[in-house]
Amino acid sequence: TASFHDDSDEDLLNI
Amino acid sequence: AADMEPETLEARINKATNPLNKDLDWDGINAFCEQLNKELEGPPLATRLLAHKIQSPQEWEAIQALTVLESCMKGCGKRFHDEVGKFRFLNELIKVVSPKYLGSRTSEKVKSKILELMYSWTLGLPHELKISEAYQMLKKQGIVKC
Numbered sequence: 008t009a010s011f012h013d014d015s016d017e018d019l020l021n022i
Numbered sequence: 626a627a628d629m630e631p632e633t634l635e636a637r638i639n640k641a642t643n644p645l646n647k648d649l650d651w652d653g654i655n656a657f658c659e660q661l662n663k664e665l666e667g668p669p670l671a672t673r674l675l676a677h678k679i680q681s682p683q684e685w686e687a688i689q690a691l692t693v694l695e696s697c698m699k700g701c702g703k704r705f706h707d708e709v710g711k712f713r714f715l716n717e718l719i720k721v722v723s724p725k726y727l728g729s730r731t732s733e734k735v736k737s738k739i740l741e742l743m744y745s746w747t748l749g750l751p752h753e754l755k756i757s758e759a760y761q762m763l764k765k766q767g768i769v770k771c
């Protein structure tokens with residue numbers, strides 16, 4: 008679960 | 626009207642995007658936007674809930690969810706903009722418009738609305754760089770036709 012200051016992200020999906 | 630709205634974000638999004646709604650439920654839409662600002666984890670939870678509804682095979686459910694998204698982007702602040710501006714959420718929109726994922730079974734109405742929203746955010750929120758990057762990628766792949 009994300010914490011309050013969660014700046015994490017995924018990579019842009021490659022289509 | 627506000628007192629009659631259900632409490633949780635989950636309940637509010639279900640009400641605002643119910644496929645049985647005859648018209649847009651603006652009280653419900655506004656209630657969702659208000660609630661997401663009040664909760665600590667409101668923005669990330671809201672984007673997860675919206676992504677799921679936007680990917681619904683029921684067109685009306687998806688259109689209502691996109692209307693909620695549009696309304697919240699106008700009415701909510703940076704915390705929500707930042708969640709929408711992550712690839713974590715943008716990828717879910719990309720899946721709907723891409724024929725490699727859900728695009729071939731999604732109506733043109735839903736796909737057009739997604740592309741219009743993304744385009745409007747590239748203009749209105751130019752500092753949200755990932756939105757612009759995602760939109761440019763869709764143009765390059767020929768998903769954005771005009």
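Protein chains in written order, with the working numbering: chain A, 8 to 22; chain B, 626 to 771. Cβ coordinates follow ideal geometry from the N, Cα and C atoms, glycine included. On a predicted model such as this, the values are computed, not experimentally measured, just so you know.
Suppose you measure from the CA of Gly667 (chain B) to the CA of Ser681 (chain B); what does that come to, to the nearest Å?
To locate residue 667 (chain B), count along the second sequence from 1; it is residue 42. To locate residue 681 (chain B), count along the second sequence from 1; it is residue 56. Cα to Cα, Gly667 (chain B) sits roughly 21 Å from Ser681 (chain B).
When you compare only the Cα positions, how much space is there between Glu630 (chain B) and Phe657 (chain B)?
Start at 1 with the first residue of the second sequence, and residue 630 (chain B) comes out as number 5. Start at 1 with the first residue of the second sequence, and residue 657 (chain B) comes out as number 32. Taking the straight line joining both Cα atoms gives about 9 Å.
In whole angstroms, what separates the C-alpha of Ile772 (chain B) from that of Leu670 (chain B)?
Residue numbering for chain B in the displayed model covers 626 to 771; residue 772 (chain B) lies beyond these limits and cannot be assessed.
Residues within the segment 696-711 of chain B neighbouring chain A, beta-carbon criterion of under 8 Å
Within the segment 696-711 of chain B, the qualifying residues are Lys711.
What separation, rounded to the nearest whole angstrom, lies between the Cα atoms of Leu754 (chain B) and Gly710 (chain B)?
The count along the second sequence starts at 1 and reaches residue 754 (chain B) at position 129. The count along the second sequence starts at 1 and reaches residue 710 (chain B) at position 85. So the alpha carbons of these two residues sit roughly 8 Å apart.
Would you say Ala759 (chain B) reaches chain A, if we count a Cβ-Cβ gap shorter than 8 Å as a contact?
Working through the second sequence from its first residue, we reach residue 759 (chain B) at position 134. At least one chain A Cβ lies under 8 Å of Ala759 (chain B).
Can you list, in chain order, the residues of its chain whose CB lies under 7 Å from that of Ile739 (chain B), leaving out five sequence neighbours each side?
Numbered from 1 along the second sequence, position 114 holds the residue referred to as residue 739 (chain B). Its chain contains Leu691, Leu718, Val721 and Val722 as the residues whose beta carbon lies nearer than 7 Å to that of Ile739 (chain B), once the 5 sequence neighbours on both sides are disregarded; these appear in chain order.
Cβ shell of Ile768 (chain B) (< 6 Å), same chain only, five flanking positions each side left out
Within the second sequence, residue 768 (chain B) is the residue found at index 143, counting from 1. The beta carbon of Ile768 (chain B) lies closer than 6 Å to those of Val722 in the same chain, with the five residues before and after it left out.
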